[in-house]
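S.K.:
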Amino acid sequence: MSTASSTVLEPAWFTRPTCVVAADLVGKVLCRKLTDSDGSEKVLRMRISETEAYIGLEDPACHSHAGTRTERTEIMYAQGGVFYVYLTYGIHYLLNMITAVAESPESVLIRAGFLTEDSDRLIDEQYQSADKQLTHPKQFAGPGKLTKRLQIDRDLYGKSIEPTSDVWIEDDGCAPPISLRPRIGIDYAGDAKDWLLRYVWTDHPSLSKK
DNA sequence: CCGAGGATTGACT
DNA sequence: GTCAATCCTCGGG
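Residue numbers for the first sequence follow our numbering, so the first one is 44 and each next one is one higher.
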């Protein structure tokens with residue numbers, strides 16, 4: 044159990060400007076309710092160390108740039124406070140949170156995090172035995188590795204960011220130092236590849252790249 | 001209908 | 001440094 048008092052962030056928290064939400068999410072706790080092998084429900088808690096902002100119509104790197112509106116991106120046009128999950132490279136699910144107001148198709152990508160000390164140990168050990176490739180079982184430096192650990196997939200698409208969705212965010216007052224970096228993996232986006240829209244916990248070991 | 005490519009990762013030269 | 005894996009999405013014909 045956590046010693047510091049925590050509050051659950053409400054969906055309305057995510058309706059604020061995207062860059063503010065992206066910065067504020069660093070240090071927050073991403074919570075995932077899972078069913079353990081014995082049938083009991085457990086909660087994994089992963090503290091977020093890195094995020095990226097995708098700022099909508101005028102952002103060439105954003106799926107909704109220039110008002111692109113498809114079946115996949117439809118959820119981006121919803122009011123902030125819901126999840127956007129999609130499959131990339133046919134392999135990895137990426138976890139995003141929709142931000143800002145309705146019809147402003149912006150989101151925050153969760154890129155990295157690390158398990159907190161009160162995360163359930165049974166699930167942790169279960170996962171380690173199932174995936175021996177993992178060298179740092181508590182650090183998840185990359186958006187695909189993070190979703191794999193938390194067992195997040197398309198089922199979460201469009202769900203509200205709150206405990207009834209089995210994925211939610213808690214704030215326990217942690218406010219780490221934050222640095223800005225260019226976003227990763229968007230070389231196709233022209234000048235936007237240099238925009239400082241990646242928010243990292245300064246010098247934290249769990250970051251996805253340097 | 002079909003082809004191209006991806007908000008990645010891990011393995012390998 | 002290079003490259004394959006793997007499949008859904010998207011745009012073009």
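Glycine included, every Cβ here is placed at the ideal spot set by N, Cα and C.
Just reading off the beta strand (DSSP E) that residue 96 is part of, what are its end residues?
M.R.: Per DSSP, residue 96 belongs to the beta strand (DSSP E) from 84-97.
S.K.: What are the boundary residues of the alpha helix (DSSP H) that includes residue 191?
M.R.: Note, residue 191: alpha helix (DSSP H), 186-193.
S.K.: Does residue 76 come out as helix, strand or coil in the three-state DSSP assignment?
M.R.: Residue state, collapsed to three classes: strand.
S.K.: For the alpha helix (DSSP H) containing residue 64, name the first residue and the last one.
M.R.: From DSSP, the alpha helix (DSSP H) with residue 64 extends over 61-68.
S.K.: Under 8 Å, with one C-beta from each stretch per pair, do the stretch 125-138 and the stretch 187-195 reach the 3-pair mark?
M.R.: Contact between the stretch 125-138 and the stretch 187-195 is present, because at least three Cβ pairs lie under 8 Å.
S.K.: If I follow the unbroken beta strand (DSSP E) through residue 116, where does it start and stop?
M.R.: That residue, residue 116, is in no beta strand (DSSP E); it is neither H nor E in DSSP.
S.K.: Round the Cβ separation of residue 86 and residue 76 to the nearest angstrom and send it over; I've been treating them as touching at under 8 Å.
M.R.: The Cβ separation is near 5 Å, so the contact holds.
S.K.: Once you ignore the five residues that flank residue 146 on each side, which residues in its own chain have a CB closer than 6 Å to its CB?
M.R.: Around residue 146: 120.
S.K.: Is there contact between the stretch 230-247 and the stretch 49-60, where contact requires at least three CB pairs shorter than 8 Å?
M.R.: Not touching, per the Cβ criterion.
S.K.: Distance, Cα to Cα, residue 227 vs residue 205?
M.R.: In a straight line, the C-alpha of residue 227 is about 28 Å away from that of residue 205.
S.K.: For my contact list, residue 96 and residue 61 are in at a C-beta cut-off of 8 Å; report their separation, rounded to the angstrom.
M.R.: Indeed, because the Cβ distance is near 5 Å, the residues count as touching under 8 Å.
S.K.: Out of 89, 51, 80, 215, state which residue places its alpha-carbon closest to the alpha-carbon of residue 155.
M.R.: With distances taken between Cα atoms, residue 155 lies closest to 89.
S.K.: List the whole-angstrom C-beta distance separating residue 128 from residue 199, where the pair is believed to meet the contact cut-off of C-beta under 8 Å.
M.R.: With 8 Å as the limit, residue 128 and residue 199 qualify as a contact, their Cβ atoms being about 5 Å apart.
S.K.: Out of 250, 217, 247, state which residue places its alpha-carbon closest to the alpha-carbon of residue 49.
M.R.: The residue with the shortest Cα to Cα distance from residue 49 is 217.
S.K.: Residue 243 and residue 224: beta carbons closer than 8 Å?
M.R.: Contact: yes.
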